[in-house]
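Numbering (my numbering), first residue to last: 49 to 638.
Yeah, the Cβ is synthetic: ideal placement off N, Cα and C, and Gly gets one too.
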DNA sequence: ACTTCTCGGG
């Protein structure tokens, strides 16, 4: 049992003073360690401050305790105090304080500590070496420095391997991480829980479900799957590989779950089946797990993906009540949520009230403006972001280009596309090219769009040809439409949707022979186009609609309203696109 | 008595 010994202890004045003081230092140091272990840094600090005498181990316990509780700046400050007090650090101290530098992304300070380690002759000790390796790997912009250190290690322990695999994975190169893992196995290094969880994470990052499942099996065999972080990684892996059934199955089988387990499931389901994310929130409550900030950012995204404004507002209310509004990622999720739920005003409001904004905050609102057709506002916000000193990435450019595309701001959109490489040195990925194809296509510059596809540095995929095909439909260009459709069918032979659009194009171009032939092909392949679905919130209910719906109790009034609306459109001179549609279906009424 | 590597948010 520990008890708190302070300066006020009266026995200090006796002759065995020195000895007693030593005992009390050891005891109090144990107490400090224990307080940190229990997660009470303030109590640990109080013991430390009241100690009559502190030795190197006491200082080190404080520093490492701060780091393991993520109080990195306190750890660093205390290290400075320690040096000022004339105490010389050892390998234990330095590995802890190097870890603090990693936690704060301070490579320069880390390098200074590296020098200290050399000075005190501990730089080649295993723990110091590994913490330095981790610091260089995680703080550096690339892996080259860390790789050089790793290759020079005298002895590669499982920790060194884990550090490297983790760093590659965090830098977005899961393949390199797995490659290193294979090497590690070949060298006969034993698995431990850390390697298991990070390798599964690497499988998740490259969405390799087969390899992930093999690793899952390996962890079961070695018993490491009983460790929570490993189990959580397994759930995460199945979610990211879009194997939600397996994720749920494993989740249900877990004998122990923590907050991260629940959060992993909720964020895993948030995109594909947002309703399940909401029911998981309720379930976790009845399992006595309290949701945190992470939980609610995923829940806000789930509301965004369901486009349910009322539900979203209620969630926002809960977020305010729980005091999560100041959180950056939380704010970002809310900006996105309101935009996707159709309330761009609330989206702006949340954005304006955010005390800190990062690239994602700006991008979310730019995307929101794009969704709502506010091209000019998107462009202005993008420029404002640049002025505020934020460096755009390809996602941000995609947001502004796509907003321009939807608003018909062709010149503006192309301007930003060109600025990417000329001004900002941002590489346009396949998605950005897709946006630009869409932009040119909508503007009727079909030949330019086709030429861009031919000279882009990637193999065009289905969605890029799809953008061209859609534009061909819009501008009634059967020649390029046929080319685009053929390319898509090469990539995805049974795409009924492609035939349908192509037949629309032939129909609207009045090429009836080709129209009939395409229709015949649709029948022959026997596949059906997946129906698009829309939904709105009506009071407490979500009502969904599909084309040709006869099931909805509102069918009759829906088509009545549609006729009124299209009459309004015609009367006010809006040219509707109903011509192409007429060939596909007739409204079904009862 | 003190040390390194693992899991969740566009």
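Quick check: what's the CA-CA separation for residue i versus residue j?
| i | j | result |
| --- | --- | --- |
| residue 473 | residue 440 | 10 Å |
| residue 87 | residue 96 | 15 Å |
| residue 243 | residue 209 | 8 Å |
| residue 2 | residue 287 | Nothing can be reported for residue 2: it is not among the residues displayed for the chain, which extend from 49 to 638. |
| residue 178 | residue 205 | 9 Å |
| residue 282 | residue 218 | 17 Å |
| residue 277 | residue 342 | 16 Å |
| residue 130 | residue 403 | 35 Å |
| residue 456 | residue 519 | 13 Å |
| residue 351 | residue 505 | 37 Å |
| residue 255 | residue 532 | 29 Å |
| residue 216 | residue 406 | 24 Å |
| residue 397 | residue 380 | 12 Å |
| residue 279 | residue 249 | 11 Å |
| residue 366 | residue 360 | 10 Å |
| residue 654 | residue 128 | Any question about residue 654 goes unanswered here, given that the chain covers just 49 to 638. |
| residue 76 | residue 99 | 8 Å |
| residue 165 | residue 134 | 16 Å |
| residue 322 | residue 168 | 55 Å |
| residue 329 | residue 362 | 14 Å |
| residue 488 | residue 514 | 13 Å |
| residue 376 | residue 344 | 12 Å |
| residue 537 | residue 317 | 31 Å |
| residue 437 | residue 475 | 19 Å |
| residue 290 | residue 102 | 54 Å |
| residue 124 | residue 304 | 35 Å |
| residue 253 | residue 553 | 40 Å |
| residue 233 | residue 368 | 49 Å |
| residue 535 | residue 510 | 8 Å |
| residue 422 | residue 410 | 15 Å |
| residue 246 | residue 267 | 12 Å |
| residue 442 | residue 433 | 14 Å |
| residue 373 | residue 333 | 21 Å |
| residue 390 | residue 454 | 16 Å |
| residue 225 | residue 201 | 18 Å |
| residue 560 | residue 508 | 30 Å |
| residue 181 | residue 118 | 19 Å |
| residue 261 | residue 356 | 35 Å |
Looking only at DSSP bridge pairs, what is residue i linked to?
| i | result |
| --- | --- |
| residue 324 | Residue 324 pairs with nothing; no bridge assigned. |
How far does the alpha helix (DSSP H) with residue i in it reach, from first residue to last?
| i | result |
| --- | --- |
| residue 503 | 494–503 |
| residue 532 | 526–539 |
| residue 483 | 478–490 |
| residue 565 | 560–573 |
| residue 243 | 241–253 |
| residue 342 | 341–354 |
| residue 619 | 603–619 |
| residue 554 | 544–556 |
| residue 338 | First-last for residue 338: undefined, no H or E at that position. |
| residue 302 | Counting along the chain, residue 302 falls outside any alpha helix (DSSP H), and DSSP gives it neither H nor E. |
| residue 366 | 357–369 |
| residue 464 | 458–470 |
| residue 520 | 510–522 |
| residue 376 | 376–388 |
Within 8 Å: the Cβ of residue i and any heavy atom of the ligand MN?
| i | result |
| --- | --- |
| residue 558 | Ligands are entirely absent from the displayed structure, and the ligand MN is therefore not among its contents. |
Between the region 231–246 and the region 257–275, do three or more beta carbon pairs fall short of 8 Å? The region 231–246 vs the region 257–275: in contact.
Please give the ranges of any beta strand (DSSP E) in the region 182–235, keeping only runs that are unbroken, at least 3 residues long and fully inside the region. As summarised for the region 182–235, there are no continuous beta strand (DSSP E) elements at least 3 residues long confined to that stretch.
With three or more beta-carbon pairs closer than 8 Å as the criterion, would you say the region 382–389 touches the region 407–426? Counting Cβ pairs under 8 Å, three or more are found: they touch.
Using a Cβ distance threshold of 8 Å, determine whether the region 480–492 contacts the region 440–457, with at least three qualifying pairs required. Contact between the region 480–492 and the region 440–457 is present, because at least three Cβ pairs lie under 8 Å.
Contact the region 111–131 vs the region 143–162: 3+ CB pairs below 8 Å: Taking 8 Å as the limit for Cβ pairs, the verdict is that the region 143–162 does touch the region 111–131.
Extract the residue ranges of the alpha helix (DSSP H) inside the region 406–447, only unbroken runs of 4 or more that lie entirely within it. The qualifying runs are 407–419, 423–435.
Can you give, in chain order, each stretch of the alpha helix (DSSP H) that sits fully within the region 265–292 and has at least 4 residues? Counting only runs of 4 or more, we get 276–288.
Could I get the ranges of all uninterrupted alpha helix (DSSP H) runs contained in the region 93–134, with 4 residues as the minimum, in chain order? The region 93–134 contains these whole alpha helix (DSSP H) runs: 104–116, 120–132.
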